[in-house]
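First the structure, in the form of structure tokens, and then the observations on it.
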Amino acid sequence: KLTSITSYREYDNEYGQDVDFSGADIIYLPDDGTNFNKFETITHETRLNGETGWVNWLFGVYYSNEDIDRQQRVTFGTEAESFLSLHRAGPSPLALRVGLGLGALTPAFTGNTGDTDHYLQNSESFAAFTHNVFHLTDDLDFIAGVRWTTETKEFQATYLTDPQNGCTAMEAAFGLDPSRQAASLGLPDLNQRGIALACLPFARNALDVFTAAAPHLQERTEDEFSGIATLAYQFNSNLNTYASYSRGHKAGGFNLDRAFSDAQGSIVSPATFPAGPPPVQTVRAPDTSFESELVDAYELGLKMASDDNTFQMNVAGFYQDFQNFQLNTFTGISFIVTSVPEVISQGVEVETFWSPFRDFSTNLGVAYTDARYGDDLGSVTTPGSFLDRNRGLFALPGERLTHSPEWTVTGGFDYSFPFIDTLTARLHMDGRWQSEMNTGSNLDPRKVQDAYAVFGAKIGFYSEDEWFGLEFFARNLFDESYINTAFDSPLQGTAMCVNALSGNVQCQAGSESTSTIDAFVGEPRMLGATLRIRN
């Protein structure tokens with residue numbers, strides 16, 4: 140049998156956002172069309188499958204080409220000056236003029252100005268695959284599948300920053316990486332924080348210097364094999380077992396966001412100070428890429444059923460070893476992917492199905508999962524290690540994975556019964572309970588979501604030949620409040636960080652966890668109806 144599927148998809152989205160998540164007009168993404176995401180994707184897949192003697196075989200190829208066009212404009216609001224400016228501290232004008240030049244005497248931020256960053260990315264991938272079932276005996280099957288994938292991503296970016304008097308003055312005094320230079324000079328913490336506020340990422344000019352002559356270009360190509368090998372044995376018509384190994388692959392890519400440092404450190408060459416004004420500095424291309432994610436997964440399972448098939452039970456144990464786990468972090472403005480060197484996930488799952496009579500069935504599932512970040516992620520005091528490059532993630536080693544509850548229970552039932560002559564009614568209800576989990580990428584204890592349960596229900600009325608159907612549904616039936624992802628609100632306190640005594644000079648003792656926590660919350664109770672009519 141030959142199967143060929145071709146698809147084309149186009150998606151455009153314009154958006155706006157209150158970046159500071161407060162009632163003040165400090166920083167925002169205007170919804171005037173300057174912030175947008177555009178996707179254009181073409182895919183094609185051809186499969187050929189059949190049966191030859193004791194082998195069921197399948198071969199195929201897959202092609203994908205996707206273009207992303209993204210623009211982000213971060214804008215200072217009319218109250219940015221009063222909230223962020225150095226003038227708020229009431230410094231001596233003479234001290235400012237002598238230390239930082241006349242630019243420090245003017246307002247630091249100009250309302251309705253900011254930065255405009257434009258990103259283009261093309262991703263082209265090709266894969267060839269095969270999946271085969273070998274019937275070694277009447278009771279023993281061997282399943283083998285292999286997929287080879289090659290993918291190339293091309294990245295292009297331009298950066299345009301409206302000059303802000305505050306950061307311009309700091310860069311004139313300390314160079315294009317003023318916060319790092321101020322820290323190297325041992326300036327008081329308050330001074331360092333003032334410089335950091337004046338030179339927020341969307342006020343700095345280093346990337347403009349870099350892309351003044353040509354766009355920021357990057358490219359990465361990867362070739363990976365993935366696949367599965369499973370041995371399945373049928374003891375009898377009611378019982379079978381299997382053991383499998385699989386290797387999975389998720390492609391790497393680029394973060395479409397501003398970056399002033401990467402694995403090599405700052406993108407700005409060092410400056411000399413205070414022996415005169417900062418020299419002409421060079422700005423190299425930042426590496427915004429993240430690695431492909433690989434997983435080696437092992438599973439051992441057992442499947443049982445009653446003679447009449449009204450009761451079924453599946454039990455499985457699993458062990459998964461992830462390399463370069465792609466951790467998605469929301470910064471308050473955008474999502475950034477960070478590659479964690481190792482994650483281990485292991486556990487047991489049990490699923491049951493029971494239909495005691497014809498028109499009624501119920502299901503229940505229980506899962507125990509112990510998913511943890513690797514123990515060896517380096518140290519904030521070890522140059523070049525994962526934690527040195529990602530000091531805000533110092534709490535990860537050996538701890539439970541973000542968004543990974545230890546226990547999960549799911550269940551539901553379906554019941555059908557006659558209703559008004561030729562109509563049949565079907566009632567469905569399902570629920571999910573999970574134990575507590577940390578929803579923050581940095582595992583701040585304040586981002587823990589306690590255990591909760593969510594239920595859904597649906598009742599439908601259908602004609603005998605099902606040409607007509609009317610359904611009423613409820614999601615989150617009991618209006619449970621819960622958090623999907625919590626994050627540190629920008630510019631409102633200090634995120635959880637290691638003590639200065641542990642080697643992180645960017646975080647001083649006594650400043651841990653003062654940030655305001657915001658969150659993406661779960662969907663509230665949703666009621667609706669669906670009408671289905673078929674010719």
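Residue numbers (the numbering used here): 140 to 674.
Yeah, the Cβ is synthetic: ideal placement off N, Cα and C, and Gly gets one too.
> Taking all protein chains shown into account, do 16 or more other C-beta atoms lie within 10 angstroms of the C-beta of Q316, making it buried, or fewer, making it exposed?
Replying inline: In the sequence shown, counting from the first residue as 1, residue 316 sits at position 177. It is Asp, not Gln, that sits at residue 316 in the sequence shown. By the neighbour-count rule (16 or more Cβ atoms within 10 Å), D316 is buried.
>> Please identify the residue among N271, R209, R614 whose C-alpha is closest to the C-alpha of V194.
In response: The residue given as residue 194 occupies position 55 in the sequence shown. Checking every option, the nearest Cα to that of V194 belongs to N271.
> With burial defined as no fewer than 16 other Cβ atoms inside 10 Å of the residue's Cβ, what is the status of E432: buried or exposed?
Replying inline: Counting from one through the sequence shown, the residue named residue 432 turns up at place 293. Result: buried.
>> To the nearest angstrom, how far is the alpha carbon of L516 from that of P522?
In response: For the purposes of this step, residue 516 is taken as residue 377 along the sequence shown, with counting starting at 1. For the purposes of this step, residue 522 is taken as residue 383 along the sequence shown, with counting starting at 1. Roughly 12 Å separates the two Cα atoms.
>> Tell me the residue span of the alpha helix (DSSP H) that contains N304.
In response: In the sequence shown, residue 304 corresponds to position 165, counting from 1. Here the alpha helix (DSSP H) through N304 covers 304 to 313.
> Excluding sequence positions up to five away, which residues of its chain have a Cβ less than 6 Å from the Cβ of R129?
Replying inline: The requested residue 129 does not occur in the structure, where the chain is confined to residues 140 to 674.
> Nearest to M635 by alpha carbon, out of F492, P169, A534?
Replying inline: Position 496 of the sequence shown, counting from 1, holds the residue named residue 635. Answer by Cα proximity: A534.
> In the DSSP assignment, what are the bridge partners of W196?
Replying inline: By one-based count along the sequence shown, residue 196 stands at place 57. Paired residues: G189.
> Which value, in whole angstroms, describes the spacing of the CA atoms of C646 and E310?
Replying inline: Within the sequence shown, residue 646 is the residue found at index 507, counting from 1. Within the sequence shown, residue 310 is the residue found at index 171, counting from 1. Because the pLDDT at C646 is just 49, under 50, the model does not fix this residue reliably, and the value given afterwards should be weighed accordingly. One C-alpha to the other measures close to 22 Å.
> By Cβ distance, which residues of its chain are closer than 8 Å to G155, with the 5 residues on each side in sequence left out?
Replying inline: For the purposes of this step, residue 155 is taken as residue 16 along the sequence shown, with counting starting at 1. The answer, listed in chain order, is Y167, L168, P169, D170, D171, N174.
>> Less than 6 Å between C-beta atoms, sequence neighbours within five positions excluded: which residues of the same chain meet that for T669?
In response: Numbered from its first residue, the sequence shown carries residue 669 at position 530. Within the same chain, T669 has close Cβ partners E610.
> Which same chain residues, not among the five before or five after F248, have their C-beta less than 7 Å away from its C-beta?
Replying inline: Here the question's residue 248 lines up with position 109 in the sequence shown. The residues are F215, A219, E220, L223, S224, Q303, G305.
> Under 8 Å between the Cβ atoms of G387 and S428?
Replying inline: On the sequence shown, position 248 is the one that residue 387 refers to. On the sequence shown, position 289 is the one that residue 428 refers to. The answer is no: Cβ separation not under 8 Å.
> Who are P169's beta bridge partners in DSSP?
Replying inline: Position 30 of the sequence shown, counted from the start, is the residue given in the question as residue 169. In DSSP, P169 forms no bridge with anything.
> Under a Cβ-count criterion, where at least 16 other Cβ atoms within 10 Å of its own Cβ denotes burial, should Y298 be classed as buried or exposed?
Replying inline: Counted from its first residue, the sequence shown places residue 298 at position 159. Buried, by the Cβ-count rule.
>> Within a Cβ cutoff of 6 Å, which residues of the same chain sit near G238, ignoring the five residues on either side of it in sequence?
In response: Position 99 of the sequence shown, counted from the first residue, corresponds to residue 238. Its pLDDT being 46, under 50, G238 is placed unreliably by the model, and nothing is read from it.
>> Quick check: what's the CA-CA separation for R528 versus T468?
In response: Here residue 528 is taken as the residue at index 389 of the sequence shown, counted from 1. Here residue 468 is taken as the residue at index 329 of the sequence shown, counted from 1. C-alpha separation (whole angstroms): 15 Å.
>> Please state the DSSP three-state secondary structure of I472.
In response: For the purposes of this step, residue 472 is taken as the residue at position 333 of the sequence shown. Of the three classes helix, strand and coil, the one that applies to I472 here is coil, per DSSP.
> Taking the alpha-carbon positions, what's the L197 to L141 distance?
Replying inline: Numbered from its first residue, the sequence shown carries residue 197 at position 58. Numbered from its first residue, the sequence shown carries residue 141 at position 2. Roughly 10 Å between the two C-alpha positions.
> What does Y621 pair with, by DSSP beta-bridge criteria?
Replying inline: What you label residue 621 is simply residue 482 of the sequence shown in a count that begins at 1. Note: Y621 sits in no beta bridge, so no partner.
>> Any contact between the stretch 393 to 400 and the stretch 430 to 447? By contact I mean 3 or more CB pairs, one from each, below 8 Å.
In response: no
>> Using 8 Å as the threshold, is the C-beta distance between S478 and F464 below it?
In response: Within the sequence shown, the letter at position 339 stands for residue 478. Within the sequence shown, the letter at position 325 stands for residue 464. Yes, the Cβ-Cβ distance between S478 and F464 is below 8 Å.
> beta strand (DSSP E) containing S221: first to last residue?
Replying inline: Here residue 221 is taken as the residue at index 82 of the sequence shown, counted from 1. Unbroken run through S221 is the alpha helix (DSSP H), 219 to 223; no beta strand (DSSP E).
>> So for F160, helix, strand or coil by DSSP?
In response: For the purposes of this step, residue 160 is identified with residue 21 of the sequence shown, where counting begins at 1. Coil.
> With which residues is D206 paired in a DSSP beta bridge?
Replying inline: Counted from its first residue, the sequence shown places residue 206 at position 67. Paired residues: E179, N261.
> When DSSP builds the beta bridges, which residues end up paired with A534?
Replying inline: Along the sequence shown, one-based indexing puts residue 534 at 395. Answer is none; A534 lacks a bridge partner.
> Out of curiosity, what's the CA-to-CA distance linking R209 and F393?
Replying inline: Here residue 209 is taken as the residue at index 70 of the sequence shown, counted from 1. Here residue 393 is taken as the residue at index 254 of the sequence shown, counted from 1. R209 and F393: Cα-Cα distance of roughly 13 Å.
>> Assuming the contact rule is C-beta atoms closer than 8 Å, A436 and S365 should be a hit. Round their C-beta distance to whole Å, please.
In response: If you number the sequence shown from 1, residue 436 lands on position 297. If you number the sequence shown from 1, residue 365 lands on position 226. That pair is no contact at about 11 Å.
>> Closest to F492 by C-alpha separation, out of S262, D553, Q373, would be which residue?
In response: Within the sequence shown, the letter at position 353 stands for residue 492. Comparing Cα-Cα distances from F492 to each of S262, D553, Q373, the minimum goes to D553.
> Got a sec, what are the start and stop residues for the beta strand (DSSP E) F600 sits in?
Replying inline: In the sequence shown, residue 600 corresponds to position 461, counting from 1. Looking at the DSSP string, the run of the beta strand (DSSP E) that includes F600 is 591 to 601.
> Out of curiosity, what's the CA-to-CA distance linking F556 and S500?
Replying inline: What you label residue 556 is simply residue 417 of the sequence shown in a count that begins at 1. What you label residue 500 is simply residue 361 of the sequence shown in a count that begins at 1. Computed Cα separation, rounded: 13 Å.
> How should D627 be labelled, buried or exposed, when 16 other C-beta atoms within 10 angstroms of its C-beta is the threshold for buried?
Replying inline: Translated into positions along the sequence shown, residue 627 becomes position 488. D627 should be labelled buried.
> In chain order, what residues of the same chain lie with their CB nearer than 6 Å to the CB of P340, ignoring the 5 residues before and after it?
Replying inline: Here residue 340 refers to the residue found at position 201 when the sequence shown is read from its first residue. Excluding positions up to five away in sequence, the list reads R397.
>> Please classify D604 as buried or exposed, where buried requires at least 16 other C-beta atoms within 10 Å of its C-beta.
In response: Mapped onto the sequence shown, residue 604 falls at position 465. Exposed, because fewer than 16 other Cβ atoms sit within 10 Å of the Cβ of D604.
> So, is R671 buried or exposed, given that buried needs 16 or more other C-beta atoms within 10 angstroms?
Replying inline: As a first step, residue 671 must be located in the sequence shown, where it is residue number 532. Counting Cβ neighbours within 10 Å, R671 comes out exposed, since fewer than 16 surround it.
> First and last residue of the alpha helix (DSSP H) that includes R528?
Replying inline: Position 389 of the sequence shown holds residue 528. Segment 525 to 528, the alpha helix (DSSP H) holding R528.
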